[in-house]
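Input: a single structure, listed below in structure tokens.
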Amino acid sequence: MSDKPNPQDDPSEEAMKARLAALTVALEKQKDPKPDQEALEATQRTGRAMSLGFRVLSEFVAGIIVGAVMGWQFDEWLGTKPVLLIVMTAFGTIAGFWNVYRLAAAPTGPQARDDKRSNP
Amino acid sequence: MATGNAIDPIHQFIVAPLAQIRIGGIDASFTNASLFMVIVLLAATFLMIIGTAQKSIVPGRLQSAAEMAYEFVASTVRGTTGTEGMKFFPLVFSLFMFVLLSNLIGLIPYTFTVTSQIVVTFALAALVILTVIIYGLINHGTHFLHLFVPSGVAPALLPFIVLIEVISFVSRPISLSVRLFANMLAGHITLKVFGAFVALLLSAGGWAAISPLPLVGIVALTAFELLVAFLQAYVFAILTCVYLNDALHPGH
Numbered sequence: 001m002s003d004k005p006n007p008q009d010d011p012s013e014e015a016m017k018a019r020l021a022a023l024t025v026a027l028e029k030q031k032d033p034k035p036d037q038e039a040l041e042a043t044q045r046t047g048r049a050m051s052l053g054f055r056v057l058s059e060f061v062a063g064i065i066v067g068a069v070m071g072w073q074f075d076e077w078l079g080t081k082p083v084l085l086i087v088m089t090a091f092g093t094i095a096g097f098w099n100v101y102r103l104a105a106a107p108t109g110p111q112a113r114d115d116k117r118s119n120p
Numbered sequence: 001m002a003t004g005n006a007i008d009p010i011h012q013f014i015v016a017p018l019a020q021i022r023i024g025g026i027d028a029s030f031t032n033a034s035l036f037m038v039i040v041l042l043a044a045t046f047l048m049i050i051g052t053a054q055k056s057i058v059p060g061r062l063q064s065a066a067e068m069a070y071e072f073v074a075s076t077v078r079g080t081t082g083t084e085g086m087k088f089f090p091l092v093f094s095l096f097m098f099v100l101l102s103n104l105i106g107l108i109p110y111t112f113t114v115t116s117q118i119v120v121t122f123a124l125a126a127l128v129i130l131t132v133i134i135y136g137l138i139n140h141g142t143h144f145l146h147l148f149v150p151s152g153v154a155p156a157l158l159p160f161i162v163l164i165e166v167i168s169f170v171s172r173p174i175s176l177s178v179r180l181f182a183n184m185l186a187g188h189i190t191l192k193v194f195g196a197f198v199a200l201l202l203s204a205g206g207w208a209a210i211s212p213l214p215l216v217g218i219v220a221l222t223a224f225e226l227l228v229a230f231l232q233a234y235v236f237a238i239l240t241c242v243y244l245n246d247a248l249h250p251g252h
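In order, the protein sequences belong to chains A and B.
Under the numbering used here, the final residue of the first sequence carries the number 120; numbering is consecutive throughout.
Under the numbering used here, the final residue of the second sequence carries the number 252; numbering is consecutive throughout.
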């Protein structure tokens, strides 16, 4: 049998079934608000990706800023002018990377459980 | 919009006192920011009270909006912190509604965006972090501090890891507040600059022909800002849940 049987030439039951299935699919497409659903899902995907992007950026930047400000303040208190600023900025950068790593790594705790339950 | 030909996108963020009030030398004036915070609170209260007053089985518009808000936040809280996190639902819901309505009301022309002030967003973030710290210390005592001491780390590395964890923890309110504030600020400045482009092009003779281009840009940007407004409220709520989860289950 060929890949695409012409229904007019082959009046067998299988071809009839194939035509029926094709018709059902076409009908479903007409009836269902599938495009809406797809558009909605696309928007949700964009939203999720954007929110993740915002989170990664701000977590990373916040780590560096907090490290630098802490180092600067400790320098003021301890009188070790540039040393702690440099060291703490480095640690802040590491903390920023660590924040981002934790975002990207698989979530732990009840979040992971629920994530698996809601989207298997 | 820009006054005359000057682009002044910052003007919309000026906090101007509407009524001067001084209490013991502290400037407690009722400003436009205060006015819009009151408006946001009234809008949220109105939505929830009027929306849930009907209790019909087939909900009307207001009722389904109120129910959707509840369902959405409740599922977020349950999904992130588990069922025991529902005791924090009032906090998360209030934060979500406040941020969402501030963002949305701020999109209406001639209004003031409360969440574009870092004072406001940082106050919200500080509230969240203080709740986490106080609840964690009360319920878990010193065990809460295990948050900063991950298990299974070589003792030689421990001081560095603790330092990094502390910085990471302190950076949370910063990132929480700066993200919301920066998004709203940047979005509103962009909108205003594009608006000023239209005005500038219209007054530039032949160049007026391309003035519809930034106008179309404004329409697209407004739609985008609508998405950002919702997204930032959602991110704020879900991160609140994530941080509260640390207070509920420290020492993961």
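Where is the CB? At the ideal position from N, CA and C, for every residue including glycine.
Since the structure is predicted, the reported quantities are computational estimates derived from the model, not experimental observations.
Below 7 Å on C-beta distance, what does residue i contact in chain B?
{"i": "W98(A)", "result": "I164 and S168"}
{"i": "A95(A)", "result": "I164, I167, S168 and S171"}
If you compare alpha carbons, which of the options is closest to residue i?
{"i": "V92(B)", "options": "D246(B), L248(B), P250(B) and A233(B)", "result": "A233(B)"}
{"i": "E67(B)", "options": "F36(B), V38(B) and M48(B)", "result": "M48(B)"}
{"i": "A237(B)", "options": "K192(B), T31(B), V99(B) and S29(B)", "result": "V99(B)"}
{"i": "T131(B)", "options": "P173(B), F230(B), A199(B) and I108(B)", "result": "P173(B)"}
{"i": "V219(B)", "options": "I108(B), P159(B), L231(B) and G205(B)", "result": "I108(B)"}
{"i": "L147(B)", "options": "Q54(B), A154(B), L157(B) and I133(B)", "result": "I133(B)"}
{"i": "G67(A)", "options": "E76(A), L84(A) and L57(A)", "result": "L84(A)"}
{"i": "V77(B)", "options": "A208(B), V162(B), T240(B) and A186(B)", "result": "T240(B)"}
{"i": "D8(B)", "options": "A19(B), L226(B), A204(B) and L200(B)", "result": "L200(B)"}
{"i": "V216(B)", "options": "F197(B), G106(B), H140(B) and S94(B)", "result": "F197(B)"}
{"i": "F270(B)", "options": "A53(B), M184(B), T222(B) and T52(B)", "result": "Beyond the ends of chain B as shown, which are 1 and 252, falls residue 270(B); an answer cannot be given."}
{"i": "I105(B)", "options": "A19(B), I39(B), V235(B) and L227(B)", "result": "I39(B)"}
{"i": "I161(B)", "options": "A105(A), M88(A), L103(A) and L78(A)", "result": "M88(A)"}
{"i": "R102(A)", "options": "E14(A), W77(A), A39(A) and V56(A)", "result": "V56(A)"}
What does residue i touch in chain B if you count any residue whose Cβ is under 9 Å from its own?
{"i": "S51(A)", "result": "L231, Q232, Y234, V235 and I238"}
{"i": "R45(A)", "result": "Those do not exist, as R45(A) stays about 12 Å from chain B at its closest Cβ, beyond 9 Å."}
From the beta carbon of residue i, is the nearest beta carbon of chain A less than 7 Å away?
{"i": "V178(B)", "result": "yes"}
{"i": "Y174(B)", "result": "The question names Tyr, yet the displayed sequence has Ile at residue 174(B). I174(B) counts as touching chain A."}
By a C-beta neighbour count over all protein chains shown, 10 Å radius and 16 as the cutoff for buried, is residue i buried or exposed?
{"i": "I138(B)", "result": "exposed"}
{"i": "H143(B)", "result": "exposed"}
{"i": "V61(A)", "result": "buried"}
{"i": "Y243(B)", "result": "buried"}
{"i": "E59(A)", "result": "buried"}
{"i": "S171(B)", "result": "buried"}
{"i": "K29(A)", "result": "exposed"}
{"i": "M86(B)", "result": "exposed"}
{"i": "H11(B)", "result": "exposed"}
{"i": "K55(B)", "result": "exposed"}
{"i": "R61(B)", "result": "exposed"}
{"i": "K192(B)", "result": "buried"}
{"i": "L213(B)", "result": "exposed"}
{"i": "S116(B)", "result": "buried"}
{"i": "M16(A)", "result": "exposed"}
{"i": "L101(B)", "result": "buried"}
{"i": "G63(A)", "result": "buried"}
{"i": "F96(B)", "result": "buried"}
{"i": "D27(B)", "result": "exposed"}
{"i": "F30(B)", "result": "exposed"}
{"i": "S151(B)", "result": "exposed"}
{"i": "E41(A)", "result": "exposed"}
Which residues of chain A have a Cβ atom closer than 8 Å to the Cβ of residue i, listed in chain order?
{"i": "N183(B)", "result": "F54"}
Is there a Cβ of chain B sitting closer than 7 Å to that of residue i, yes or no?
{"i": "A112(A)", "result": "Reliability fails at A112(A), whose pLDDT of 45 lies under 50, so the model's placement of it is uncertain and the value that follows must be treated cautiously. Taking Cβ atoms only, chain B never reaches closer than 7 Å to A112(A), which makes this a no."}
**Item:** Interface residues of the stretch 59 to 85 of chain A facing chain B [CB-CB below 8 Å]
**Value:** E59, V61, A62, G63, I65, V66, G67 and M70
**Asked** Taking any Cβ of chain A, which residues in the stretch 226 to 252 of chain B have a Cβ under 7 Å from it, in chain order?
**Response** L227, L231, Y234, V235, N245, H249 and H252
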